[in-house]
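Residues 1 to 255, numbered by the UniProt record's numbering, are exactly what the sequence shown covers, in order.
Don't be surprised by glycine CBs; every beta carbon is placed ideally from N, CA and C.
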Amino acid sequence: MPLEIVTLATRSDNYNFLVHDEATGRTALVDSADPQAILDALKTRGWDLHEVWLTHHHADHTDGIAQIVTATGAQVVGAKADAHRLPPLDQALAAGDSFNFVGHEVHVMGADGHTLGHIAFHIPDSRALFSADSLMALGCGRLFEGTPAQMWETLTRFAALPSDTVIYSGHEYTAANARFAQTIEPENSDLADRVAAITAARAKGVPTVPSTLAEELATNPFLRAHLPHIKDLLDMSGAQDVDAFTEIRARKDRF
């Protein structure tokens, strides 16, 4: 049976995700911004929590893990490279590793850029990528620790996944990202349509996460930095892909 994935809006703009297998009753949690909200969501659904998958060390992705573990007995999974600043891990994994979740293979993908040691979780048979603060809806995470080259490598890796992959990112930043995206590519009709849909969704309080990789490839300027017409719009014709990405990231930082 396919995994059920529930998007939880936590704090002011964070998203956490419950990954549930109905056949076995096992549930995993991706990141933790508000432990009480997560525990309440589990109780409402009558689900027990068995695993927590951490993407990176920032507090809004790790808060309350001790409370969650105490309440549920869940095992904590995270990056070996980030273990020194994550909550205690029961399983420390490196980029390129895989593990099994109730018969579903979960691939650990390197996602350096926003932080060093950031990882993403890809479940191929569920078409799901939990990218947290690396690839985001119409954006990418600010480079607090990594370099533009590292983030571009991360995004290129994600861009090679099947286009029907569903992107479960970590924040409701989409409306602001959309306004910026239109400064890069104002004539993109797919982007204009997406902006209209985002505006309507947010007016109703509906999350804009998750999105699909196909949507991101068609509209996200950070995934489109390699395209010749984007380089032309940046006045960077013939530039290296990573340099065009670096310019877009710098413009977003000033936006």
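* **Contiguous beta strand (DSSP E) assignments of at least 3 residues, all confined to the UniProt domain "Metallo-beta-lactamase" (13–171)** => Listed in chain order, they are 14–21, 26–30, 51–53, 75–79, 91–93, 98–101, 104–110, 119–123, 128–132, 166–169.
* To do: Pull up the distance between the alpha-carbon of L3 and that of T219, whole angstroms please.
  => Straight-line Cα distance between these residues: approximately 28 angstroms.
* Indicate whether T55 and D90 have their beta-carbon atoms separated by less than 8 angstroms. => The answer is no: Cβ separation not under 8 angstroms.
* Asked: How about D60 and P35: are their beta carbons less than 8 angstroms apart?
  -> Cβ distance not < 8 angstroms, so D60 and P35 don't count as in contact.
* To do: Give me the Cα-Cα distance between D190 and V106, rounded to the nearest whole angstrom.
  => Our two residues, D190 and V106, have alpha carbons roughly 31 angstroms apart in a direct line.
* Asked: Would you call N16 buried or exposed, if buried means 16 or more other Cβ atoms sit within 10 Å of its Cβ?
  -> Buried.
* Asked: When DSSP builds the beta bridges, which residues end up paired with E4?
  -> Its beta-bridge partners are H20.
* Would the stretch 141–155 and the stretch 110–121 be scored as touching if the rule is three or more Cβ pairs under 8 angstroms? -> With three or more CB-CB distances shorter than 8 angstroms, the stretch 141–155 counts as touching the stretch 110–121.
* Enclosing alpha helix (DSSP H) for V206 [first to last residue] -> Premise fails: V206 is in no alpha helix (DSSP H) and is neither H nor E.
* With 16 other Cβ atoms within 10 Å as the buried cut-off, status of T70 -> Its Cβ having fewer than 16 others within 10 Å, T70 is exposed.
* Kindly confirm or deny that the stretch 155–166 and the stretch 191–203 touch, where touching means at least three C-beta pairs closer than 8 angstroms. => No contact exists between the stretch 155–166 and the stretch 191–203.
* Asked: Taking Cβ positions, are Y168 and F130 nearer each other than 8 angstroms?
  -> In this structure, Y168 sits near F130, with a CB-CB distance shorter than 8 angstroms.
* First through last residue of the alpha helix (DSSP H) which encompasses N177 -> N177 -> alpha helix (DSSP H) spans 174–184.
* To do: Determine the burial state of R85: buried for a count of at least 16 other Cβ atoms within 10 Å of its Cβ, exposed for fewer.
  => Burial check for R85: the Cβ neighbour count within 10 Å stays below 16, so the residue is exposed.
* Nearest-angstrom Cα separation, counted from A132 out to A239 -> Distance between the alpha carbons of A239 and A132 is about 29 angstroms.
* Close Cβ partners of T212 (< 8 angstroms) along its chain, the five nearest in sequence each way excluded -> Counting only Cβ-Cβ distances below 8 angstroms, and skipping sequence neighbours, we find S163, D164, T165, V166, I167.
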